[in-house]
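Residues 256 to 435 in the numbering used here are what the sequence shown spells out, letter by letter. Even glycine gets a Cβ: it sits at the ideal position worked out from N, Cα and C.
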Amino acid sequence: YMDNPYGVNYDQLDLFYQPGNFSTNYVSVATNTGKTNFLVGFENTKQTGVVFKSEGFQRQNYRMNVDHQFNKKLKFSSSNLIIKSTTDQGSMDFFSLLQLQPDMNLLANNPNHTAYRLQVDQFGTTINPLYQLANTSNLDTRNRILSSYSLNYTPFAFLTLNAQYNFEKQNNFNSYYRAV
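Next up, the structure:
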């Protein structure tokens, strides 16, 4: 202890921040017949979090577009998109992470042998931030639908009648659970 005020130095930030990955996959099928254009697509996106035990962000998109020309005067168009996403918000007090002493072992087990000792200092006053992250679920889920429909009627070269209907619906859900 003569040269180092702490017997062991742990890099708390290195334990907390971890490498994350990003991936996206997209597949679609499109066709164009004489009177109809059609597209169906799916996209899957996943971005893992960089914070310990974080699930990150996930999204799935489903798309279907159709254009149909009934005759020279009448055309119908439809565009539909369904989006489902989930975000792991975690539960972290970043300020407390910066206040930890460098000799606190965040990976130590509890006396009952469960992971991430709850109280990490010798006085039992400092809560282990890894314990909070490992034992808390804080998820935001969003479901969204975007649709647009259009009907064009051109009775004369100088006149086009256009009818449109658009809508958007979004549902947000949050679930929070912390084990004690």
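{"Query": "Meets three-Cβ-pair contact criterion under 8 Å: the region 332 to 345 and the region 386 to 406", "Result": "yes"}
{"Query": "One or two residues paired with N393 in a DSSP bridge", "Result": "Y431"}
{"Query": "L361 beta carbon less than 8 Å from that of L294", "Result": "no"}
{"Query": "Own chain residues within Cβ distance below 6 Å of N426, not counting five before or after", "Result": "N398"}
{"Query": "Per DSSP, the bridge partner or partners of M347", "Result": "Answer is none; M347 lacks a bridge partner."}
{"Query": "CB of E298 within 8 Å of CB of N276, strictly", "Result": "no"}
{"Query": "Assigned secondary structure, Y256 (DSSP; H/G/I helix, E/B strand, else coil)", "Result": "Summary for Y256: the model assigns pLDDT 43, below 50, so the residue's position carries little reliability; its value from the coordinates is reported in the next sentence. Y256: coil per DSSP, three-state reduction."}
{"Query": "Identity of the residue in M347, V263, K424, K339 nearest T300 by Cα", "Result": "K339"}
{"Query": "Ranges of the beta strand (DSSP E) found wholly within the region 294 to 329, counting only runs of at least 3", "Result": "312 to 324"}
{"Query": "Identified DSSP bridge partners for Y272", "Result": "V306"}
{"Query": "Length of the line joining the Cα atoms of Y431 and N390", "Result": "11 Å"}
{"Query": "Span of the beta strand (DSSP E), counted from its first residue to its last, around V375", "Result": "Taken as a continuous stretch (DSSP letters only), V375 belongs to no beta strand (DSSP E), as it is neither H nor E."}
{"Query": "Touching by the beta-carbon criterion (3+ pairs, under 8 Å), the region 401 to 416 and the region 350 to 368", "Result": "no"}
{"Query": "Cβ-based neighbour list, Q356, same chain, cut-off 6 Å, excluding 5 preceding and 5 following", "Result": "none"}
{"Query": "Close Cβ partners of N264 (< 6 Å) along its chain, the five nearest in sequence each way excluded", "Result": "P357"}
{"Query": "Supposed contact pair S405 and Q419 - C-beta distance, whole angstroms, cut 8 Å", "Result": "5 Å"}
{"Query": "Span of the beta strand (DSSP E), counted from its first residue to its last, around N280", "Result": "277 to 287"}
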